[in-house]
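Sequence order for the protein chains is A and B.
Here our numbering is used: position 296 in the first sequence is 309, and no number is missing along the way.
Here our numbering is used: position 328 in the second sequence is 341, and no number is missing along the way.
Backbone N, C-alpha and C define an ideal beta-carbon position, used for all residues, glycine too.
Keep in mind it's a predicted model, so treat the numbers as computed, not measured.
Protein chains: 2
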Amino acid sequence: MRPVSIKDIAREVQVSHPTVSRALRYSPLVSAKTAERIRQAAVKMGYRPNAVARGLVTKKTKTIGVVVTSIADPFIGEVVSGIEETANDHGYSVFLANSNADPAREIRIVHSFQERQVDGILVASSRVGALYMPLLSQLMVPIVLINNQHPGEFVHSVVIDNITASVQAVQHLIQLGHQRIAYMGDQFGLQSDTERFAGYRQALASADYPFLPELIVHGDGTPQGAIQPMDRLLGLPTPPTAVYCYNDMTAIGALKGIRMHGLRVPDDISLVGFDDLSFASYVDPPLTTVRQPKRPMGRQAMEILIKLFSNAQAETNIKVQGELIVRESTAPPKAKVSR
Amino acid sequence: MRPVSIKDIAREVQVSHPTVSRALRYSPLVSAKTAERIRQAAVKMGYRPNAVARGLVTKKTKTIGVVVTSIADPFIGEVVSGIEETANDHGYSVFLANSNADPAREIRIVHSFQERQVDGILVASSRVGALYMPLLSQLMVPIVLINNQHPGEFVHSVVIDNITASVQAVQHLIQLGHQRIAYMGDQFGLQSDTERFAGYRQALASADYPFLPELIVHGDGTPQGAIQPMDRLLGLPTPPTAVYCYNDMTAIGALKGIRMHGLRVPDDISLVGFDDLSFASYVDPPLTTVRQPKRPMGRQAMEILIKLFSNAQAETNIKVQGELIVRESTAPPKAKVSR
DNA sequence: CTGAAAGCGCTTACAG
DNA sequence: CTGAAAGCGCTTACAG
Chain A
14 MRPVSIKDIA
24 REVQVSHPTV
34 SRALRYSPLV
44 SAKTAERIRQ
54 AAVKMGYRPN
64 AVARGLVTKK
74 TKTIGVVVTS
84 IADPFIGEVV
94 SGIEETANDH
104 GYSVFLANSN
114 ADPAREIRIV
124 HSFQERQVDG
134 ILVASSRVGA
144 LYMPLLSQLM
154 VPIVLINNQH
164 PGEFVHSVVI
174 DNITASVQAV
184 QHLIQLGHQR
194 IAYMGDQFGL
204 QSDTERFAGY
214 RQALASADYP
224 FLPELIVHGD
234 GTPQGAIQPM
244 DRLLGLPTPP
254 TAVYCYNDMT
264 AIGALKGIRM
274 HGLRVPDDIS
284 LVGFDDLSFA
294 SYVDPPLTTV
304 RQPKRPMGRQ
314 AMEILIKLFS
324 NAQAETNIKV
334 QGELIVREST
344 APPKAKVSR
Chain B
14 MRPVSIKDIA
24 REVQVSHPTV
34 SRALRYSPLV
44 SAKTAERIRQ
54 AAVKMGYRPN
64 AVARGLVTKK
74 TKTIGVVVTS
84 IADPFIGEVV
94 SGIEETANDH
104 GYSVFLANSN
114 ADPAREIRIV
124 HSFQERQVDG
134 ILVASSRVGA
144 LYMPLLSQLM
154 VPIVLINNQH
164 PGEFVHSVVI
174 DNITASVQAV
184 QHLIQLGHQR
194 IAYMGDQFGL
204 QSDTERFAGY
214 RQALASADYP
224 FLPELIVHGD
234 GTPQGAIQPM
244 DRLLGLPTPP
254 TAVYCYNDMT
264 AIGALKGIRM
274 HGLRVPDDIS
284 LVGFDDLSFA
294 SYVDPPLTTV
304 RQPKRPMGRQ
314 AMEILIKLFS
324 NAQAETNIKV
334 QGELIVREST
344 APPKAKVSR
């Protein structure tokens with residue numbers, strides 16, 4: 014059973030198929046009454062326009078490609094939610110592809126997006142391979158990067174303001190009275206780590222606190238990877254009273270590491286994360302963290318694309334602000350007790 | 014700058030464009046040497062086949078539509094990961110759409126999938142609206158449902174064996190020595206709840222334990238929604254020593270509720286969840302739970318579709334088994350102390 | 001093995 | 001306001 018086409022409707026209503034095409038898209042070029050007859054016939058016959066045929070002629074498919082490192086990542090899931098929502102609101106469908114940070118896969122994905130004639134591409138991938146960039150840019154469609162690690166190289170992007178957010182997080186700790194504040198960063202040299210670290214130093218500096226290299230350790234962005242650096246911190250002659258972590262995953266691991274030493278959060282050590290993944294509020298104690306506006310970031314990225322499609326000027330680099338969410342993993346430091 | 018088409022290649026190599034088309038798809042109908050010349054020209058010219066043109070003529074787009082209630086849901090994210098991975102391995106691209114369980118949106122999504130001529134549809138949505146089913150089924154493409162709530166109504170599906178998994182979970186508690194085991198279900202009357210509850214009763218029955226209605230309470234699938242039912246359980250003259258929860262989210266809330274009463278897990282009360290979301294291993298104590306093979310379920314659903322595309326027979330209803338992951342939220346009950 | 005012809009289901013100048 | 005013609009970039013009988 015072949016789906017009904019505009020020719021079928023044309024035959025039914027006794028007009029030419031271009032007239033049907035015009036009527037269905039509300040062209041002013043067709044008289045009100047025949048347009049109405051055509052539209053009624055269309056619904057009666059259960060007509061659905063064939064988007065691929067339309068795409069072939071208009072060269073606009075009303076699709077976008079989204080490439081992520083892992084859709085199972087809760088951070089990315091939220092971002093994609095925002096993308097998909099606004100894409101849909103504007104009549105766009107989204108192709109989703111996981112790269113798994115595998116360069117071969119990244120190339121395959123870009124090729125497939127190209128072959129499918131997507132109108133634009135969104136990349137939400139914390140680490141974009143070096144080879145990948147030029148490949149992307151030689152595509153003839155607009156691209157916007159979300160929290161990418163090389164903001165200078167691309168025209169359009171939406172990124173979190175890591176520095177300002179970090180300053181706020183560390184100032185929160187300072188206001189609580191902490192003096193020895195550690196930073197547990199990420200070992201992969203991501204730009205986001207560099208920036209969060211910079212914010213940390215900046216906050217210390219403006220409080221006239223010394224920068225103590227021994228308080229800087231590095232995890233790998235996973236809970237397990239935070240255990241050992243936490244050990245190092247706690248093995249210090251004078252351990253920190255607070256730890257600011259690169260992200261929530263790291264903070265969760267740090268929490269576990271602290272517990273393994275028989276210490277408690279926030280009584281013995283305060284802990285701050287970054288991201289505000291949904292589970293941050295479920296752990297015990299609920300985690301103080303910097304919320305990244307994940308959905309809005311996805312939405313804004315899609316909005317840039319939509320503006321670009323209509324040839325409007327679009328901002329080149331949107332920088333969004335994080336929000337410090339104070340929960341229960343931070344508290345004033347214990348009064349010192351001599352032992 | 015127009016992308017290069019097979020006509021451009023044909024001109025370059027001095028053959029007809031159908032010959033180019035054949036050569037590029039490795040048709041035996043073209044001589045080895047001209048085929049080789051054509052392919053070399055194609056890569057030299059940076060040719061990429063236009064998938065929408067191809068789709069129009071072949072009536073196969075090599076795309077599938079995936080509809081989920083929320084891509085930000087960690088369970089669904091994993092399932093989609095499995096889908097996307099195997100789709101990609103077979104040359105399919107996936108359209109992802111969020112329904113937010115909104116009927117109007119569901120209808121829009123199905124229409125858009127229809128217009129885009131997807132080859133098949135996957136639904137990973139715990140609650141599919143009643144109206145939605147007939148709409149889906151009148152589509153002319155194969156559909157497979159993942160963990161759907163109305164297995165009888167559809168031809169293809171992959172579902173978790175809730176009953177067997179529940180029996181295992183409750184037997185684990187029984188073997189630990191628990192006698193008063195509560196079930197904290199879900200209040201929305203989902204079939205998965207009915208089945209998990211049935212498994213719970215079955216496990217009790219085969220151990221010759223009485224069924225105690227006062228030990229049955231209901232959350233709403235969220236952590237917050239589990240606090241109050243937990244209060245009820247703990248307010249009982251003799252509270253349970255273990256609680257089997259509908260899912261991990263509920264278990265996390267139950268954990269919090271237990272703590273709010275100054276009790277500890279697993280010392281005072283054992284807790285079992287369902288799903289094995291990634292954070293289940295991060296909470297304190299790490300949660301004993303039933304793992305649903307989320308990625309494999311996505312993979313299998315996609316594999317059914319692929320078999321159907323090649324006209325092969327495909328299983329109608331795949332039932333997958335859960336796996337009990339024993340972590341630290343379960344322990345033998347405390348020896349009774351009289352007060 | 002190769003090419004000329006037709007067609008997939010639309011949209012869009014071009015005439016009238 | 002309407003229709004005939006052309007064309008989007010491919011694939012696939014049909015001839016030779």
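Please list, in chain order, the chain B residues whose beta carbon lies closer than 8 Å to that of residue i.
i, result
"A/D297", "L268, K269, R272, V296, D297"
Could you tell me whether any Cβ in chain A is nearer than 9 Å to the Cβ of residue i?
i, result
"B/A110", "yes"
"B/S283", "no"
"B/V333", "no"
"B/N160", "no"
"B/T302", "no"
"B/R209", "no"
"B/P116", "no"
"B/R308", "yes"
"B/V79", "yes"
Could you give the distance in angstroms between the alpha-carbon of residue i and the alpha-carbon of residue j?
i, j, result
"B/A218", "B/N175", "17 Å"
"B/Q241", "B/F210", "19 Å"
"B/K332", "B/N160", "9 Å"
"B/G212", "B/A178", "7 Å"
"A/V17", "B/Q53", "41 Å"
"A/Q313", "A/S40", "31 Å"
"B/S351", "B/D281", "Per-residue confidence for B/S351 stands at a pLDDT of 40, beneath the threshold of 50, marking its modelled position as unreliable; the derived number appears in the next sentence. Using only the alpha carbons, I get a separation of about 14 Å."
"A/R15", "A/G59", "12 Å"
"B/F322", "A/G198", "48 Å"
"A/F292", "B/F292", "7 Å"
"B/K73", "A/R61", "17 Å"
"A/E328", "B/L152", "41 Å"
"B/L247", "A/P223", "50 Å"
"B/Y257", "A/F88", "29 Å"
"B/S83", "B/A137", "9 Å"
"A/P252", "B/Y196", "44 Å"
"B/V183", "B/R193", "11 Å"
In chain A, which residues lie with their C-beta within 9 Å of the C-beta of residue i?
i, result
"B/V107", "F108, L109, A110"
"B/M58", "None at all; the shortest Cβ gap to chain A is about 14 Å."
"B/E341", "Result: empty, since nearest Cβ-Cβ is about 12 Å, beyond 9 Å."
"B/F292", "P87, I265, L290, S291, F292, Y295, V296"
Please name the residue in the options whose C-alpha comes closest to that of residue i.
i, options, result
"A/L225", "A/F322, A/L249, A/H169", "A/L249"
"A/V180", "A/A36, A/P346, A/L152, A/V303", "A/V303"
"B/V131", "A/N63, A/G232, A/S44", "A/N63"
"A/H185", "A/A255, A/D289, A/I77, A/V70", "A/A255"
"A/L300", "A/V285, A/R308, A/K307", "A/V285"
"B/D206", "B/Q188, B/Q162, B/A66, B/T47", "B/Q162"
"A/H231", "A/R245, A/A216, A/P253, A/Q200", "A/Q200"
"B/K347", "B/V278, B/Q334, B/V168", "B/V278"
List the residues of chain A that residue i touches, going by C-beta distances under 8 Å, in chain order.
i, result
"B/S83", "S94"
"B/P147", "Going along chain A, no residue has its Cβ under 8 Å from B/P147, so there is no contact; the nearest lies around 13 Å."
"B/T12", "With chain B covering 14 to 352 only, the question about residue 12 of chain B has no answer from this structure."
"B/T74", "V65"
Find the residues of chain B that neighbour residue i, judging by a C-beta separation of less than 7 Å, and give them in chain order.
i, result
"A/H124", "R61"
"A/G68", "V65"
"A/P236", "Y295"
Taking only beta-carbon positions, decide if residue i is within less than 9 Å of chain B.
i, result
"A/P16", "yes"
"A/A137", "no"
"A/V230", "no"
"A/N260", "no"
"A/M153", "yes"
I want to verify the contact list: residues of chain A whose CB lies under 7 Å from the CB of residue i, in sequence order.
i, result
"B/E98", "N111"
"B/E128", "R61, P62, N63, A64"
"B/E91", "A85"
Chain B partners of residue i, CB-CB under 9 Å?
i, result
"A/E316", "Simply none; closest approach about 17 Å."
"A/N101", "A110, N111, R118, R121, I122, S125"
Segment contact, 8 Å Cβ cut-off, at least three pairs: the stretch 334-347 of chain B with the stretch 118-125 of chain B:
no
Stretch-stretch touch, CB-based, cutoff 8 Å, three pairs: the stretch 265-280 of chain A with the stretch 100-115 of chain A
no
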